[in-house]
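**Student:**
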Amino acid sequence: MDLDTDELENLMEDDDDVNVQLTSAELIEMMEEIWVNEKFAPEILPNKSEIVDCVLGQINYMERNLNTLQCTDFKKGIHQLEVDRIRYLVTSYLRQRLEKIETYVFHILKQEEQRAERGELLYLTEAEQQFAMKYKEGLKQHFENVTSFYPGLPVEDWRNQLVVPNIHSFVFLKARNNVEGVVIDTGRDDDNDVVDINPGSQMIISYNSVVDLVKNSDVHLI
1 MDLDTDELEN LMEDDDDVNV QLTSAELIEM MEEIWVNEKF APEILPNKSE IVDCVLGQIN
61 YMERNLNTLQ CTDFKKGIHQ LEVDRIRYLV TSYLRQRLEK IETYVFHILK QEEQRAERGE
121 LLYLTEAEQQ FAMKYKEGLK QHFENVTSFY PGLPVEDWRN QLVVPNIHSF VFLKARNNVE
181 GVVIDTGRDD DNDVVDINPG SQMIISYNSV VDLVKNSDVH LI
C-alpha cells in the first residue's frame, strides 16, 4: 500500500549527506529499482550501499515519528505498513546478494580479486567480502572432509568445476536513456545483430548484451 506523497514526505527527513538532492519518493523508487535489478540479473551487481544506508536512515526516522502518534490513530497503521514495505525491499535486496554469494562464491571472489588488481571498483561491500571469505573457507573444509572419506575421488575436481552465473540468459528491460548500436549477443561471433534502444522502450534481450547498460543505469530490469 502506497502512502500519499505528502504524508510520506512528512514522515521522512532530508539527508544532507546525499550528493544529489532527492525526495523521499525518488529515494524509495531508486531502492525499488536496485532491488529489481538484483533480483533479475543473473550475476551479482555492484553494491549500492549508499542507497541502502540512506533508506535505512529514513526507516529509523519514520519509526521515531510513528512512535509519536497515538495507537488509536488510524493513519499510524497505514504508515506502519509502508515502513514494513520499505524494510522488506532492503532485506530482500541484501538477501538476494547473499544468495548469489553462496551460489557463486568462488567465481565472485575470483572476479573481485581481478578487479582489485586492475584498480577497479569492487562489487562487494566490506561485510559481504568478509561473509564470502568465511563461506568459501567453510565450503572448502566441507569438501575436503567429504573427499577424505573417499580416497579414490580426485580431490581437486570440485575446485575446477566452478558454478558460474549464466550471463547469456534473457532478461526483460526498460530503457531510461537513448542507446545506439547495442550488439545483441547470439552466442556466435559471426552472427550478431545491432539495435538502437529508445527511452521508455521495453524488450527481452540477452543479459550479456546489456550488462554494462544495466550497471550504468541506462536501462533497468523489470
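Numbering-wise (UniProt numbering), the sequence shown opens with residue 1 and increments by one. All C-beta atoms, glycine included, are put in the ideal place defined by N, C-alpha and C.
1) Contact defined as beta carbons within less than 8 Å: I believe glutamate 112 pairs with leucine 124. What is the distance between those atoms, to the nearest angstrom?
2) Relative to the C-alpha of isoleucine 28, which residue among Val52, Leu45, Lys76 is closest?
3) Give me the Cα-Cα distance between valine 214 and glycine 57, rounded to the nearest whole angstrom.
4) Please return the same chain residues whose Cβ sits closer than 8 Å to the Cβ of histidine 107, not counting the five positions on each side in sequence.
5) Is tyrosine 135 closer than 9 Å to glutamate 102 when the C-beta atoms are compared?
6) Under DSSP, the beta strand (DSSP E) around aspartate 196 begins and ends at which residues?
7) Between which two residues does the alpha helix (DSSP H) carrying phenylalanine 172 extend?
8) Report the start-end ranges of each alpha helix (DSSP H) in the UniProt domain "GINS subunit" (77-146) that is 4 residues or longer and not cut off at the edges.
9) Do you know offhand how far proline 199's Cα is from valine 179's?
10) If you draw a straight line from the C-alpha of glutamine 129 to the C-alpha of isoleucine 78, how long is it?
11) Can you tell me whether serine 169 is buried or exposed? The criterion is at least 16 other CB atoms within 10 Å of its CB, across all chains shown.
12) Consult DSSP for glutamine 161 and reduce its assignment to one of helix, strand or coil.
13) Alpha carbon to alpha carbon, how far is lysine 174 from valine 219?
14) From the DSSP secondary-structure annotation, give me the bridge partner or partners of leucine 56.
15) Would you report the Cα separation of lysine 140 and valine 146, rounded to the nearest angstrom?
16) Between the C-alpha atoms of arginine 115 and histidine 142, what's the straight-line distance to the nearest angstrom?
17) Alpha carbon to alpha carbon, how far is glycine 138 from aspartate 73?
18) Note down, in chain order, each residue of its chain lying with its Cβ closer than 6 Å to the Cβ of phenylalanine 40, except the 5 sequence neighbours on either side.
19) Considering only the alpha carbon of each residue, which of Ser92, Asn67, Ile34 lies closest to asparagine 47?
**Tutor:** According to the structure shown:
1) 6 Å
2) Val52 is the residue among Val52, Leu45, Lys76 whose C-alpha sits nearest the C-alpha of isoleucine 28.
3) 26 Å
4) Leu162, Val163, Val164, Pro165
5) yes
6) 194-197
7) No alpha helix (DSSP H) holds phenylalanine 172; the beta strand (DSSP E) holding it covers 170-175.
8) 105-118
9) One C-alpha to the other measures close to 8 Å.
10) Straight-line spacing of the CA atoms in glutamine 129 and isoleucine 78 works out to 37 Å.
11) exposed
12) coil
13) 6 Å
14) In DSSP, leucine 56 forms no bridge with anything.
15) 10 Å
16) Between arginine 115 and histidine 142, the alpha-carbon positions lie close to 28 Å from each other.
17) 50 Å
18) Here phenylalanine 40 has Val171, Leu221 as same chain residues with Cβ atoms under 6 Å from its own Cβ, once five neighbours each way along the sequence are excluded.
19) Ile34
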